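Residue numbers (the numbering used here), protein chains in the order written: chain A, 1 to 270; chain B, 1 to 281.
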């Protein structure tokens, strides 16, 4: 059953169409990679699910349904109950993921306090155990301010906060773009492990096809606000149909037999 | 954690903190003196003794007496309550209007934001001092009306300062995270937003306090503020004007008092700005 269905979603900024009639759905426990170049509307699509679109952007048509319920028909209160608990986010900018002057532990605690009825002791236990799950063992981390941790540590702590309530859908918006490749693979490995443990679906936004190949089940390719191709990873990787998809693959730098120059992705593919 | 620094660097880092500490002590001293002024003033500041008028400094009247024979030291001390006390009141009131308006305006935006900001623009189009003169002129002279006039003028800059901080912070991801995490707007504002604003506000308020003191003294000097016989530094300057040639202490003592307090506040504001790393406005 589909946990998230996006149905003919169109998002405008005044008269400019940013996201154009986008359709896709994610089944329970599935890992969908939304791939496309910068500015193709991936992140805006993701923001619209959590209701965190910038004020200037408006959803002009389409439906987003989560777990069978239409998100646009929800009251603010119902929406608040779902956000953070059942839908959670990991962002690209790990430095901005935590409020700078509040200790990490207290920020995780705040989330638990909002959505659960656990006692103070239980909340701390839950926070420490989820930090352990992302390999941040120390209680010192719990008592640290965000600036005291490294980038990789912060991103893992952000993942810990995102999954502490066992969400049904984790939206990872380019979670590894700002990290070095070692930290990046560690972070993705963690997301994969936690997905296994909790059975949550993942909407993974990226422009790195190597990560897609390693982790995703389903792939949707976005270009200029439209989904141009989607399907299972195997079908897309083995038999890409759309020109843009082919160009994307051609643009991956190979490790061996480096060509003298890389292919360009043209603005208007023939 | 041990941080190793060359000696001269450590010295340079420590000095501003030492200065800041000194300024805070001086300001604290002024506030304490203001609070206990009626207790330590040697004479009643409004007691008229025409036989003792225009006395120079002496052991009996440390700073001399004025044209009505009132003790100048007592009037300066008790006058601080009017001048400094009222200024602090103005800042507190301006803050308590400006902070919520700025928060709401920046966070909610839209029509409400435009409404508040047009009021702000309108008020900022005139010099502070002119609006304050017009308002307290219209309402009639007196300290209450003066406070009212100054609050009307002053809340505007606090609202703008808070609004701009809120708007720039609102784009940061941790605010999005807090929203996604299901926190209510009130919680987001109070726990994740206000601490960002405080640094700016403290710096601005300490610099502004000096300005307000000057405006109150100026308006009292032209007769729109404190009314005789209430001691007030600006009013004292005005009363001393006619006797300047024979008894200059009637003017320079309240003048020095105003200058010292404003100077301390300005230095404090500058040092706080360096310490709290607030961007130059």
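We put the CB at the ideal spot given by N, CA and C, even for glycine. Quantities reported herein were computed from a predicted structural model and do not represent experimental measurements.
Contact residues within the region 80–99 of chain A, judged by C-beta distance below 7 angstroms to chain B: 80, 81, 83, 84, 85, 88, 89, 91, 93, 96, 97, 98, 99
Residues near residue 162 of chain A by beta carbon distance below 7 angstroms, same chain, minus five either side: Position 162 of the first chain holds residue 162 of chain A. These residues qualify, in order along the chain: 88, 89, 90, 170.
Can you find the residues in the same chain that come closer than 6 angstroms, C-beta to C-beta, to residue 247 of chain B, ignoring five residues on each side of it along the sequence? Locating residue 247 of chain B in the second chain gives position 247, counting from the first residue. Here the set comprises 54.
Which one or two residues does DSSP pair with residue 12 of chain A in a beta bridge? For the purposes of this step, residue 12 of chain A is identified with residue 12 of the first chain, where counting begins at 1. Paired residue(s): A:17, A:58.
Exposure label - residue 283 of chain B; buried when at least 16 CB within 10 Å: The question about residue 283 of chain B has no answer here: the residues shown for chain B are numbered 1 through 281.
Going along the chain, which residues of its own chain have a beta-carbon closer than 7 angstroms to the beta-carbon of residue 192 of chain A, five neighbours each way excluded? By one-based count along the first chain, residue 192 of chain A stands at place 192. Excluding sequence neighbours, residue 192 of chain A sits near 215.
Inter-residue Cα distance where the pair is residue 82 of chain B and residue 145 of chain B: Counted from its first residue, the second chain places residue 82 of chain B at position 82. Counted from its first residue, the second chain places residue 145 of chain B at position 145. Approximately 14 angstroms between the Cα atoms of the pair.
List the DSSP bridge partners of residue 223 of chain A. To locate residue 223 of chain A, count along the first chain from 1; it is residue 223. Its beta-bridge partners are A:226.
Rounding to the nearest angstrom, what Cα-Cα distance links residue 199 of chain A and residue 27 of chain A in this structure? If you number the first chain from 1, residue 199 of chain A lands on position 199. If you number the first chain from 1, residue 27 of chain A lands on position 27. Looking at the two C-alpha atoms, the distance is approximately 11 angstroms.
Please report whether the beta-carbon of residue 275 of chain B lies at a distance below 8 angstroms from any beta-carbon of chain A. Here residue 275 of chain B refers to the residue found at position 275 when the second chain is read from its first residue. Not closer than 8 angstroms to any Cβ of chain A, the Cβ of residue 275 of chain B fails to qualify, so no.
How about residue 177 of chain B: is its C-beta nearer than 8 angstroms to some C-beta of chain A? Counting from one through the second chain, the residue named residue 177 of chain B turns up at place 177. Answer yes: the Cβ-Cβ gap between residue 177 of chain B and chain A drops below 8 angstroms somewhere.
Give a yes or no on whether the C-beta atoms belonging to residue 61 of chain A and residue 53 of chain A are separated by under 8 angstroms. Residue mapping note: residue 61 of chain A aligns to position 61 of the first chain, counting from 1. Residue mapping note: residue 53 of chain A aligns to position 53 of the first chain, counting from 1. Contact flag unset, no.
With 8 angstroms set as the bound, which would you pick, yes or no: does the beta-carbon of residue 8 of chain A sit closer than that to a beta-carbon of chain B? By 1-based counting over the first chain, the position of residue 8 of chain A is 8. Not closer than 8 angstroms to any Cβ of chain B, the Cβ of residue 8 of chain A fails to qualify, so no.
Note the first and the last residue of the continuous alpha helix (DSSP H) segment covering residue 87 of chain A. Here residue 87 of chain A corresponds to residue number 87 of the first chain, with the count starting at 1. Here residue 87 of chain A belongs to no alpha helix (DSSP H); instead the beta strand (DSSP E) covers 87–90.
Exposed or buried, what is residue 270 of chain A when buried is set at 16 or more other beta-carbons lying within 10 Å of its beta-carbon? As a working note, residue 270 of chain A is residue 270 in the first chain. Reliability fails at residue 270 of chain A, whose pLDDT of 47 lies under 50, so the model's placement of it is uncertain and no value is given.
Kindly indicate which three-state DSSP category residue 86 of chain B falls into: helix, strand or coil? Your numbering for residue 86 of chain B matches position 86 in the second chain. Here residue 86 of chain B sits in helix by DSSP.
So which residues of chain B does residue 114 of chain A contact, with C-beta pairs closer than 9 angstroms? The residue given as residue 114 of chain A occupies position 114 in the first chain. Within 9 angstroms Cβ-Cβ: 181, 182, 183, 184, 187.
If you follow the beta strand (DSSP E) that residue 204 of chain A is part of, which residue opens it and which one closes it? To locate residue 204 of chain A, count along the first chain from 1; it is residue 204. Note, residue 204 of chain A: beta strand (DSSP E), 201–206.
Would you please verify whether the beta carbon of residue 286 of chain B is less than 8 angstroms from any beta carbon of chain A? Residue 286 of chain B lies beyond the range of chain B shown here (1 to 281); nothing can be said about it.
How about residue 240 of chain B and residue 44 of chain B: do their beta carbons lie closer than 8 angstroms? Here residue 240 of chain B corresponds to residue number 240 of the second chain, with the count starting at 1. Here residue 44 of chain B corresponds to residue number 44 of the second chain, with the count starting at 1. Against a cut-off of 8 angstroms, the Cβ pair of residue 44 of chain B and residue 240 of chain B comes out as no contact.
Within the continuous beta strand (DSSP E) that includes residue 171 of chain A, where are the two ends? Your numbering for residue 171 of chain A matches position 171 in the first chain. Its beta strand (DSSP E) spans residues 169–173.
For a quick check, are the C-beta atoms of residue 234 of chain B and residue 257 of chain B less than 8 angstroms apart? Walking along the second chain from the start, residue 234 of chain B turns up at place 234. Walking along the second chain from the start, residue 257 of chain B turns up at place 257. No, these two residues do not count as a Cβ contact at 8 angstroms.
To the nearest angstrom, how far is the alpha carbon of residue 175 of chain A from that of residue 266 of chain B? The sequence position of residue 175 of chain A within the first chain is 175, counting from 1. The sequence position of residue 266 of chain B within the second chain is 266, counting from 1. Residue 175 of chain A and residue 266 of chain B: Cα-Cα distance of roughly 46 angstroms.
Can you list, in chain order, the residues of the region 164–189 of chain A whose Cβ is nearer than 7 angstroms to any Cβ on chain B? none
Can you pull the DSSP bridge partners for residue 31 of chain A? As a position in the first chain, residue 31 of chain A is number 31, starting the count at 1. In DSSP, residue 31 of chain A forms a bridge with A:202.
Among B:87, B:100, B:61, the one whose alpha carbon lies nearest that of residue 197 of chain B: Working through the second chain from its first residue, we reach residue 197 of chain B at position 197. For the residues B:87, B:100, B:61, the minimum Cα distance to residue 197 of chain B belongs to B:100.
Where residue 217 of chain A and residue 158 of chain A are concerned, what is the direct C-alpha to C-alpha distance, given to the nearest angstrom? Here residue 217 of chain A is taken as the residue at index 217 of the first chain, counted from 1. Here residue 158 of chain A is taken as the residue at index 158 of the first chain, counted from 1. Each residue's alpha carbon lies about 24 angstroms from the other.
Scan the region 49–60 of chain A for residues whose Cβ lies nearer than 7 angstroms to a Cβ of chain B and list them as they occur along the chain. 50, 52, 55
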